[in-house]
Amino acid sequence: MKKSFTLKSSKSKPLNGIITVPSDKSISIRSLIISSLCLGNTKIYNLLESDDVLNTLNVLKKLHIKIEKKKEFYEVFGQGGYFSDPHENLDFGNSGTGIRLMTGLLSTSEVNATLIGDQSLSSRPMDRVIKPLEKINVSISYTNGSLPIRIFNQNKIHVPSSHKLEIGSAQVKSAILLAAMNVKGITKIFEKIPSRDHTEIMLKYLGASLNVSNNCITLKSPNFLKPKNLTIPGDFSSAAFIIVAVLLSHNSKVKIKNVGLNFYRIGLLEVLKKMNAKISITNKRNFNDEIVGDIEVNSSNLHGTTVKKEISARLIDEYPILFVAASFANGTSSFFGLGELKVKESNRLKTMAKALSENGVKLKVGETSIKIFGDKYQEGGKPVATESDHRVAMSMLIFGFFSEKSIIIDDMGMIKTSFPGFKDLFEVLGARIDYFRK
Ligand code: S3P
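Sequential numbering of the sequence shown, starting at 805, is according to this note's numbering.
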């Protein structure tokens, strides 16, 4: 599809079907990075082939890790954490997870590298990762807390460190853990607000000496990771768009199979159930120690709720679509503790508040909070400035299934950073999303 096209969504018919969603972005990126630390070959099944993941894959190739695409899997030829200097800049595109995790890992890997990203990534804070890494005695430079990041191999002696993380960020935690894989001794991280633990689960699954108790992670290095096949579950954050769309549609029932149900990712289910959502989970099992299950969703009459800051880390990526659910629910919803939402691919608090209010939703925004006055009738019809944010784009397209007038987003290109096939999947279920010439 040419660049001059974008997407338009319109009033939806009932949504029905049994589907799967694209694989988990967080786990896909980790699977590539962590299998490069194994000594030997890892087969990764169901790797998400989205821009964010493929950017990390290409970065690893530039660091001279051999990765081959086979018919059923990707094969990573791990070199036990040994990388060679890249000949070019390492470009992570839009991916905060890719760049932050790789900054951690490379900071102790004795390579020289320059890490860059697109305009959105270049405006996101990197000091939150680099400051804790400085405790390990690494050689990194960066400009005004942001990109490009330069890593120098100065043969410094890296020292084990202890960290107390005030913000709930899995990217920061994972950057420290990956850096610590090369640092002899014991590294400790205390998380005030626990965040998604995919890195801990995968490192442990592959044999790292890692323990977690009372929000404190202890990693003892050196570690020798042994390759094991990895299977990536469906991405709960992508399933979230379908869940909310089905809840808000009439006479609808959808089963989403093989979705990752990591405790730190599914705060949205708790909130939606409080809002009267009919959702059930069946067929729970494990993929490489990650919990996976099938999610069945039925049309529901949602009502407003209060979402406290304590749960925010467990639904951080789902706020945009949750705001859409709240917009069409009966009554008022209040959301607190949204500071971290302001440093995502866009300032999601601001971008979503603007998009929703311009399309008729009554709301009040605070510094780190928002109050949404829900109503079954929302006007719609105003073009959405997505600020190149994939989750804003997808959330507002779903808004257009239920608003009186259609929704047109200003750009669709970034949707494939996390959810390739978004339009087609919704069409299979019965929704209406059309290409629109800009
Ligand atoms: C991610 C962690 C979260 C999340 C992002 C993916 C990860 O970011 O918003 O989409 O894979 O570790 P923070 O760690 O910055 O909260």
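Built from N, CA and C at the ideal position, the CB exists for glycine as well.
Residue i: CB within 6 angstroms of a non-hydrogen atom of the ligand S3P
i	result
T907	no
T1221	no
S830	yes
S973	yes
D1121	yes
T1155	no
T901	yes
Integer Cβ distance of residue i from residue j, believed to fall under 8 angstroms
i	j	result
L851	S839	That belief does not hold up - the Cβ atoms of L851 and S839 are roughly 10 angstroms apart, past 8 angstroms.
G1234	K817	5 angstroms
K767	S854	Residue 767 falls outside the range modelled here, since the chain spans only 805 to 1242, and no answer is possible.
D856	G902	6 angstroms
N862	S913	That belief does not hold up - the Cβ atoms of N862 and S913 are roughly 17 angstroms apart, past 8 angstroms.
A1221	N898	It is worth fixing the name first, because residue 1221 is Thr in this sequence and not Ala. Contact flag correct, Cβ pair sits at about 5 angstroms.
I920	L951	6 angstroms
I1115	G1071	5 angstroms
E879	I871	7 angstroms
A1012	G908	14 angstroms between Cβ atoms; not a contact.
A1129	L1051	7 angstroms
L867	F887	4 angstroms
T810	I1213	6 angstroms
Q1182	F1205	About 11 angstroms; that fails the 8 angstroms criterion.
K1024	S999	So it is not a contact: roughly 22 angstroms between Cβ atoms.
V1058	L858	Wrong, their Cβ atoms sit about 28 angstroms apart, outside the cutoff.
V1232	G821	6 angstroms
I1237	S813	5 angstroms
H1002	S830	5 angstroms
I1036	I1099	No, I1036 and I1099 are not in contact; Cβ-Cβ is about 17 angstroms, not under 8 angstroms.
M1156	F1127	5 angstroms
S1150	S1103	Incorrect: roughly 31 angstroms between the Cβ atoms, too far for contact.
A1049	I1202	5 angstroms
One or two residues paired with residue i in a DSSP bridge
i	result
K847	E879
F1139	V1111 and I1174
V1096	G1064 and R1089
K935	Per DSSP, none; premise fails for K935.
A984	BP columns for A984 are empty, so no partner.
K1057	N820 and N1102
E995	L969
K1078	Looking at the DSSP assignment, K1078 forms no beta bridge with any residue, so it has no partner.
L811	Y1239
E1231	Note: E1231 sits in no beta bridge, so no partner.
R954	T918 and S945
E872	E879
L1167	I1176
S1245	As displayed, the chain neither begins before 805 nor continues past 1242, which places residue 1245 out of reach and without an answer.
T1035	Y849
N1134	H1107
G902	Bridge partners of G902: none, in fact.
V976	Its beta-bridge partners do not exist; DSSP assigns none.
L836	L836 pairs with nothing; no bridge assigned.
D895	I920
K1209	G1184
G989	S1025
I1070	BP columns for I1070 are empty, so no partner.
S1257	Lying before the first or after the last residue shown, residue 1257 is absent from the chain, which here runs from 805 to 1242.
S926	Answer by DSSP bridge pairing: none, since S926 is not bridged.
Residue-level contact to chain B via CB, residue i, 7 angstroms cutoff
i	result
P826	Of the protein chains in the structure, only one exists, and it is not chain B.
The ligand ZN heavy atom lying under 6 angstroms from the CB of residue i
i	result
A1117	The model depicted lacks the ligand ZN and carries the ligand S3P instead.
Contact the region 1072 to 1080 vs the region 1090 to 1107: 3+ CB pairs below 8 angstroms: Yes: the two stretches touch, three or more of their Cβ pairs being nearer than 8 angstroms.
The region 1084 to 1091 in contact with the region 1150 to 1168 per 3-pair CB rule at 8 angstroms: no
Sufficient close CB pairs (3 or more, under 8 angstroms) joining the region 840 to 849 to the region 1013 to 1030: yes
Given 8 angstroms, three or more beta-carbon pairs between the region 1193 to 1202 and the region 1120 to 1137: The answer is yes - the region 1120 to 1137 touches the region 1193 to 1202, with three or more Cβ pairs under 8 angstroms.
Segment contact, 8 angstroms Cβ cut-off, at least three pairs: the region 998 to 1007 with the region 923 to 931: Not touching, per the Cβ criterion.
Meets three-Cβ-pair contact criterion under 8 angstroms: the region 1143 to 1157 and the region 1061 to 1068: no
Three or more C-beta pairs below 8 angstroms linking the region 1134 to 1144 and the region 1171 to 1181: yes
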